[in-house]
Amino acid sequence: MDEIEGGALARFPPGALTLTLTRAAIRMQHATTWRIEKENPVEDLVIALEGRGHYRIGGRLQALSAGEAMLLPRDTPFEGWNEGPETYLGVAQHFTLSAHGAQDLIGQMRLRPKVRLSRWEVLGPMIRHYRQSAPPASVTLPQHHLFMVMLLSFVDDAFLGWRQEAVPVDPGAGIDLAVMKAASRIAATPLEAAIAAQVVEDAPYNPDYFHRAFRDRIGRTPKQYQEFCRIERAAHLLESGLTVGAAGAEVGYSDPYYFSRCFKRIMGLSPRGHLRRVALSRDGQLMGMDEPDQEAALTGNRPGEG
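Its first residue numbered 3, the sequence shown is counted upward by one per residue in my numbering.
Here is the structure:
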């Protein structure tokens, strides 16, 4: 079945995120004589390709092997060395990530310090290309886009949750960030019955104000957005081969007829109509049509008919 879960940042609008690569990529190739001791004013994502690196980060020991990624937090002293016998090969990238006035979006998250990247069969070749193609003293547009993929993959694997304690942000933009964090929590666990109410309760704002702010920015109330995420998940399940009844039951609808009505209200098509659209798209039958003809093909009406 295709992956249907989104990561911590999957529901953030692309325009809400600002990624800055603060220096050229570091193409690590460290012999046993390598040793480093420093502190960075920005985040540093380190990914190992060959060999094994050893680190002491804020006093804690950590080892990094091929296929693993690690975040060196900003303003945190660390040491690194290679105990050998192999050369330690990898890539490191200094960066900042901000959203909606939060200059340190990474600091808003609770993350595992090190992970084995779960999609390594896809990411490994891309990361090697990133390392090999990196200019020695500049940052290019392709590097920027490739690193965003790498960073999002790390965050997806390392994410433990949003910090609930107060994290300083621009006061004028704090509500935007709070709404996106709430939306990401709902999208991650739409089958949790109380999640819509919980995100409103946890937000550091008056509940009525936050409820309105969520609706204004997302276009749905938290409860409506939860239902949308459930139906969206059901659509993926239908595409993977589940029956209408089974897909509905999987996302919490025991009555298949009620599920079909909810699906059509939210998606604009019945579950079977959605599957027909997917089949037509896969067969290429929609590609040569303009929008009115596509709609007619999906609904069974001729253009101009109701």
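Don't be surprised by glycine CBs; every beta carbon is placed ideally from N, CA and C.
The Cβ atoms of Phe-80 and Phe-149 do not sit closer than 8 Å to each other. Residue nearest to Tyr-260 within the set Thr-20, Arg-214, Ile-233 is Ile-233 (criterion: CA-CA distance). Just so you know, the alpha carbons of Arg-13 and Arg-133 end up roughly 29 Å apart.
Taking 8 Å as the upper bound for CB-CB distance, Leu-23 and Val-141 are in contact here, some 5 Å apart. When DSSP reads this structure, Lys-40 sits in a beta bridge with Phe-80.
Rounded to the nearest whole angstrom, the CA to CA distance from Leu-21 to Gly-53 is 29 Å. Between Ser-262 and Pro-273, the CB-CB gap stays under 8 Å.
With fewer than 16 other CB atoms across the displayed protein chains lying within 10 angstroms of its CB, Tyr-211 is exposed. Counted as a single uninterrupted DSSP element, the stretch harbouring Ala-237 is not any beta strand (DSSP E) but the alpha helix (DSSP H) occupying residues 224–241. One alpha carbon belongs to Arg-114, the other to Arg-58, and they sit about 15 Å apart. Taking 8 Å as the cut-off, the Cβ atoms of Pro-224 and Ile-188 count as close. Membership of Ala-104 in any beta strand (DSSP E) is not indicated, and neither H nor E is assigned to it by DSSP.
In the three-state scheme derived from DSSP, where H, G and I count as helix and E and B as strand, Phe-216 is classed as helix.
The shortest C-alpha to C-alpha distance from Ala-139 to any of Ala-215, Arg-25, Met-269, His-276 is the one to Arg-25. Under the DSSP assignment, Gly-176 falls outside any beta strand (DSSP E), being part of the alpha helix (DSSP H) whose first and last residues are 176–190. Residue range 122–135 is occupied by the alpha helix (DSSP H) that includes Arg-133, with no beta strand (DSSP E) assigned at that position. For the set Trp-83, Trp-164, Lys-266, the Cα lying nearest the Cα of Trp-36 is the one of Trp-83. For Gly-92, the three-state secondary structure derived from DSSP is strand.
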